[in-house]
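Okay, so here's the structure we're looking at.
Structural data, given as structure tokens:
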């Protein structure tokens, strides 16, 4: 009977280890960031952070989640398992230039973060696996003065100088 219970416990431990996601120890992260810079024809600004994670223990299939301004989004993983992408959009009038801090969590960190949010604890107490800095330089909203206005002012000034010169010549 003892051998049966031992094999059951061993089988249960094997099953639990296979079901659990891999844990990335001491990740090395390299990232690239893309943001929309042309705000003339768009309604939303897109932010894209692509990053490569290399784990010291060689873990490949690590599920990651990103905290973007308090919203939790999953990091999309490529088929090879080491490159990830996090993307989000923001309305043009709400998107400010500057640094955005994206906190990235593994499955355990994500569970701890959700638990902290549910119980009303401070989510800052949960430490992320790593953080990404997304720099948005701002979006081009067009010139401060429209070219039609500059052309109209130039035409009015030209007319004024021509009219005043004509009046001086006639007097």
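In mature numbering (1 follows the signal peptide of the UniProt record, and there is no 0), the protein residues as written are -21 to -1, 1 to 150. Beta carbons: idealized from backbone N, C-alpha and C, even for Gly. Being a predicted model, the structure only gives us computed values, none of them experimental.
Residue 64 bridges to which residues according to DSSP?
29, 55
Just list the residues that DSSP pairs residue 14 with in beta bridges.
26
Under 8 Å, do residue 84 and residue 107 count as touching if we go by C-beta distance?
yes
Taking the C-alpha atoms as reference points, what is the distance between residue 32 and residue 42?
11 Å
Looking only at its chain, what residues have a beta carbon closer than 6 Å to the beta carbon of residue 64, apart from the 5 residues adjacent to it on each side?
29, 55
8 Å Cβ cutoff met for residue 66 and residue 27:
Contact: yes.
Does the beta-carbon of residue 144 have 16 or more other beta-carbons within 10 angstroms, so that it is buried, or is it exposed?
Exposed: under 16 other Cβ atoms inside 10 Å.
What separation, rounded to the nearest whole angstrom, lies between the Cα atoms of residue 77 and residue 52?
21 Å
Classification of residue 137 by the beta-carbon crowding that lies within 10 angstroms, buried from 16 upward
exposed
Over the uninterrupted alpha helix (DSSP H) stretch that includes residue 41, give me the two end residues.
Where residue 41 is concerned, there is no enclosing alpha helix (DSSP H), given that its DSSP letter is neither H nor E.
What do you reckon, are the CB atoms on residue 34 and residue 4 nearer than 8 Å?
yes
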